[in-house]
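>
There are 2 protein chains.
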Amino acid sequence: MKEIDDTEAERHKAKMARRKAVQDAEVAGKTIEQKGLLIVNTGPGKGKTTAAFGLALRMLGYGRRVGVVQFVKGAWHTGEKDAFAAFGDRMVWHTMGEGFTWETQDIKRDIAAAEAAWAKAVELINDPTIDLVVLDELNIALRYEYLDLDMVVETLKDRREGLHVVVTGRNAKPALIEAADLVTEMGSVKHHFSAGVKAQQGIEF
Amino acid sequence: MKEIDDTEAERHKAKMARRKAVQDAEVAGKTIEQKGLLIVNTGPGKGKTTAAFGLALRMLGYGRRVGVVQFVKGAWHTGEKDAFAAFGDRMVWHTMGEGFTWETQDIKRDIAAAEAAWAKAVELINDPTIDLVVLDELNIALRYEYLDLDMVVETLKDRREGLHVVVTGRNAKPALIEAADLVTEMGSVKHHFSAGVKAQQGIEF
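Chains A and B are the protein sequences, given in the same order.
The first sequence begins at 90 in this note's numbering and counts up one residue at a time.
The second sequence begins at 90 in this note's numbering and counts up one residue at a time.
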């Protein structure tokens with residue numbers, strides 16, 4: 090075990106006591122007990138959708154209900170979808186996307202798919218039994234203007250009290266960021282794709 | 090529905106066909122079929138641990154086994170832990186941390202906890218039935234030098250073939266980033282804590 094002498098231990102204790110005082114003041118400064126959050130996971134890095142599913146899992150762990158709408162991904166067989174099946178009807182899942190827009194190459198079909206996905210999203214947002222709605226890759230549909238930005242942002246702002254919504258995808262629109270409570274930008278520092286490694290089961294899909 | 094005329098649809102199709110060619114070339118350039126990845130989720134933003142648990146969920150969805158060691162968090166009751174219980178012994182979970190270092194204020198206890206957590210990590214890394222190991226907040230233990238950096242990095246580099254490891258926590262050490270295959274930096278664009286909102290069940294814990 091690493092050796093620590095008493096002087097060092099005392100110094101550490103004093104430093105951490107000061108740090109705890111700062112933390113406690115910070116916690117005391119927060120006065121809003123409960124708030125349904127509008128959360129945006131954006132940026133070019135990995136983890137936007139994965140973190141949203143991590144939140145979904147946490148909610149499910151508290152016995153709550155979660156709804157997911159996938160705006161872009163097609164009918165891929167993904168590990169998380171199978172895993173969520175363990176939670177039965179507490180997880181409501183709609184895969185509405187037709188695949189990446191460079192796969193379909195059909196703008197009319199893409200728009201129709203985005204509109205159908207949005208209709209499902211509105212259903213989930215208005216379902217009082219659901220506590221968290223994940224709108225996976227909605228940012229892509231907004232970026233390509235498949236959906237009206239103002240209409241989407243207004244609907245999200247007007248969501249019922251207590252409902253958490255997570256929106257994922259690169260290039261989140263400024264109006265959405267403005268409306269959000271929590272925005273995280275995932276930055277790519279290093280990626281195995283650049284080293285010639287293919288997408289890995291359980292990691293990428 | 091949004092109106093798209095035929096010229097626009099054709100232009101979109103041509104653009105997406107070019108984009109697909111680029112994507113296909115990129116995919117073709119990847120030649121390594123399978124590789125156990127060393128993944129690091131770092132940065133001040135939200136989602137480092139949550140995304141790691143999202144990956145764990147994906148692996149579980151494929152019927153694989155996952156091990157988690159929590160280096161810093163104490164015996165908190167968190168939603169994800171309850172949720173993972175649905176997967177029985179395919180999820181091996183060790184909460185080894187004593188809580189944040191400013192809560193314990195005891196460096197010797199923190200070091201002993203980090204060393205015990207690392208011993209569990211090595212067990213999981215060497216367990217051939219496990220496909221993904223999450224070392225949650227290991228970066229904190231490395232940052233405070235509770236564990237020897239070279240020893241940790243060497244162990245992670247020497248992991249058995251095919252094993253994926255995710256390390257989370259702020260301030261990842263350069264030597265760890267150097268050894269990693271995939272590094273994501275979570276940046277905080279906006280946080281509800283700054284707006285006076287307390288930690289929310291299902292979101293923060």
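Backbone N, C-alpha and C define an ideal beta-carbon position, used for all residues, glycine too.
Bear in mind the structure is a predicted one, so any value in this text is a computation, not a measurement.
1) Indicate the three-state DSSP secondary structure (helix, strand or coil) for D199(A) in the structure shown.
2) Under 7 Å, CB to CB, which of the residues in the region 134-165 of chain A have a partner in chain B?
3) Would K137(B) pass as a contact of M275(B) if the rule is Cβ separation under 8 Å?
4) Please tell me whether L34(A) and V241(A) are closer than 8 Å, where the distance is taken between their beta carbons.
5) Relative to the C-alpha of E243(A), which residue among G258(A), D220(A) and E267(A) is closest?
6) Does the Cβ of D94(B) have 16 or more other Cβ atoms within 10 Å, making it buried, or fewer, making it exposed?
7) Report yes if the C-beta distance between I121(A) and G291(B) is below 8 Å; otherwise report no.
8) Whole angstroms is fine: what's the gap from E204(B)'s alpha carbon to D239(A)'s?
9) Does the region 192-212 of chain A come close enough to the region 124-141 of chain A to have 3 or more Cβ pairs within less than 8 Å?
10) With H101(B) as the anchor, note down where its alpha helix (DSSP H) starts and where it stops.
11) Nearest chain A C-beta to H253(B) closer than 8 Å, yes or no?
12) What is the DSSP secondary structure of K279(A), reduced to helix, strand or coil?
13) On the DSSP letters alone, give me the boundaries of the beta strand (DSSP E) that D225(B) sits inside.
14) Would DSSP call V155(B) helix, strand or coil?
15) Below 8 Å on the Cβ atoms is my contact criterion, and I expect I144(A) with V255(A) to pass it. Report the Cβ-Cβ distance as a whole number of Å.
16) Can you tell me where the alpha helix (DSSP H) with M148(A) in it begins and where it stops?
17) Would you give the residue range spanned by the alpha helix (DSSP H) that I42(B) belongs to?
18) If we ignore side chains and look at the alpha-carbon of each, how far apart do T257(B) and L221(B) end up?
19) Nearest-angstrom Cα distance between G134(B) and T96(B)?
20) Looking at chain B, is there any beta carbon in it that lies within less than 8 Å of the beta carbon of A284(A)?
21) Residues bridged to W182(B) by DSSP?
22) Exposed or buried, what is T139(B) when buried is set at 16 or more other beta-carbons lying within 10 Å of its beta-carbon?
23) I'd like to check one pair, F160(B) with E226(B): are the Cβ atoms closer than 8 Å?
24) With distances taken between CB atoms, is the gap from A172(A) to L146(B) smaller than 8 Å?
25) Closer than 7 Å by beta-carbon distance: list the chain A residues that pair up with N130(B), in chain order.
26) Can you find a CB in chain A that lies within less than 8 Å of the CB of D216(B)?
27) I'd like to know whether the C-beta atoms of W182(B) and K197(B) end up nearer to each other than 8 Å.
28) With DSSP collapsed to three states, give me the class of E274(B).
29) Leaving aside the five residues before and after A264(A) along the sequence, list all residues of the same chain whose C-beta is less than 8 Å from its C-beta, in chain order.
30) Taking 8 Å as the threshold (beta carbon to beta carbon), is K91(B) in contact with chain A?
31) Can you list, in chain order, the residues of the region 238-265 of chain B whose Cβ is nearer than 8 Å to any Cβ on chain A?
32) Based on DSSP bridge pairs, tell me the residues matched to V286(A).
33) Along the alpha helix (DSSP H) that carries T167(A), what are the first and last residues, could you check?
34) At the level of alpha carbons, what is the spacing between H280(A) and E99(A)?
Judging by the given coordinates:
1) Numbered from its first residue, the first sequence carries residue 199(A) at position 110. Helix.
2) Listed by position, the residues of the region 134-165 of chain A near chain B (Cβ gap below 7 Å) are G134, K135, G136, T139, A140, F142, G143, L144, L146, R147, M148, L149, G150, Y151 and R153.
3) One-based indexing of the second sequence puts residue 137(B) at position 48. One-based indexing of the second sequence puts residue 275(B) at position 186. Yes, these two residues count as a Cβ contact at 8 Å.
4) Absent from the model: residue 34(A). The displayed extent of chain A is 90 to 294, so no value can be given.
5) Here the question's residue 243(A) lines up with position 154 in the first sequence. For the residues G258(A), D220(A) and E267(A), the minimum Cα distance to E243(A) belongs to E267(A).
6) In the second sequence, counting from the first residue as 1, residue 94(B) sits at position 5. When all chains shown are included, D94(B) counts as exposed.
7) What you label residue 121(A) is simply residue 32 of the first sequence in a count that begins at 1. What you label residue 291(B) is simply residue 202 of the second sequence in a count that begins at 1. Result no, Cβ atoms of I121(A) and G291(B) do not sit closer than 8 Å.
8) Taking the first residue of the second sequence as position 1, residue 204(B) is located at position 115. Taking the first residue of the first sequence as position 1, residue 239(A) is located at position 150. Rounded to the nearest angstrom, the two C-alpha atoms are 53 Å apart.
9) Using a Cβ-Cβ distance cut-off of 8 Å, the region 192-212 of chain A and the region 124-141 of chain A are not in contact, since fewer than three pairs of beta carbons, one from each stretch, lie closer than that value.
10) Counting from one through the second sequence, the residue named residue 101(B) turns up at place 12. It spans D95 to A117 - the alpha helix (DSSP H) in which H101(B) sits, taken as one unbroken run.
11) Your numbering for residue 253(B) matches position 164 in the second sequence. So yes, H253(B) belongs to the interface.
12) The residue given as residue 279(A) occupies position 190 in the first sequence. For K279(A), the secondary structure class from DSSP, reduced to helix, strand or coil, is strand.
13) What you label residue 225(B) is simply residue 136 of the second sequence in a count that begins at 1. Membership of D225(B) in the beta strand (DSSP E) is indicated by the continuous run L221 to D225.
14) Along the second sequence, read from residue 1 onward, the residue named residue 155(B) stands at position 66. DSSP, read as helix, strand or coil, puts V155(B) in strand.
15) Within the first sequence, the letter at position 55 stands for residue 144(A). Within the first sequence, the letter at position 166 stands for residue 255(A). At residue 144(A) the sequence reads Leu, which differs from the Ile that was named. Indeed they touch by this definition, with Cβ atoms about 6 Å apart.
16) Taking the first sequence and counting its residues from 1, the one referred to as residue 148(A) is at position 59. Residues K137 to G150.
17) Missing from the structure shown is residue 42(B); chain B here goes from 90 to 294 and no further.
18) By one-based count along the second sequence, residue 257(B) stands at place 168. By one-based count along the second sequence, residue 221(B) stands at place 132. So the two alpha carbons sit approximately 14 Å from each other.
19) Reading the second sequence from its first residue, position 45 is the one you call residue 134(B). Reading the second sequence from its first residue, position 7 is the one you call residue 96(B). Distance between G134(B) and T96(B), taken at the CA atoms: about 43 Å.
20) Locating residue 284(A) in the first sequence gives position 195, where the first residue counts as 1. Chain B, which has a Cβ nearer than 8 Å to the Cβ of A284(A), makes this yes.
21) Taking the first residue of the second sequence as 1, we reach residue 182(B) at position 93. Looking at the DSSP output, W182(B) sits in a beta bridge with V157(B).
22) Translated into the one-based positions of the second sequence, residue 139(B) becomes position 50. The residue is buried, with at least 16 neighbouring Cβ atoms inside 10 Å.
23) In the second sequence, the residue the question calls residue 226(B) occupies position 137. In the second sequence, the residue the question calls residue 160(B) occupies position 71. In this structure, E226(B) sits near F160(B), with a CB-CB distance shorter than 8 Å.
24) Counting from 1 along the first sequence, the entry for residue 172(A) is found at position 83. Counting from 1 along the second sequence, the entry for residue 146(B) is found at position 57. The answer is yes: Cβ separation under 8 Å.
25) Residue mapping note: residue 130(B) aligns to position 41 of the second sequence, counting from 1. Residues of chain A passing the Cβ test: G136.
26) The count along the second sequence starts at 1 and reaches residue 216(B) at position 127. No, D216(B) lies away from the interface with chain A (no Cβ there is under 8 Å from its Cβ).
27) As a first step, residue 182(B) must be located in the second sequence, where it is residue number 93. As a first step, residue 197(B) must be located in the second sequence, where it is residue number 108. No.
28) Within the second sequence, the letter at position 185 stands for residue 274(B). The three-state secondary structure of E274(B), taken from DSSP, is strand.
29) The residue labelled residue 264(A) in the question sits at position 175 within the first sequence. Around A264(A): L238, D239 and V242.
30) Position 2 of the second sequence, counted from the start, is the residue given in the question as residue 91(B). True, the Cβ-Cβ gap to chain A drops below 8 Å.
31) Answer in chain order: H253.
32) Your numbering for residue 286(A) matches position 197 in the first sequence. Beta-bridge partners of V286(A) (DSSP): I121(B).
33) Against the first sequence, residue 167(A) aligns to sequence position 78. Following the DSSP letters along the chain, one finds T167(A) in no alpha helix (DSSP H), marked with neither H nor E.
34) Position 191 of the first sequence, counted from the first residue, corresponds to residue 280(A). Position 10 of the first sequence, counted from the first residue, corresponds to residue 99(A). When only Cα atoms are considered, H280(A) and E99(A) end up about 42 Å apart.
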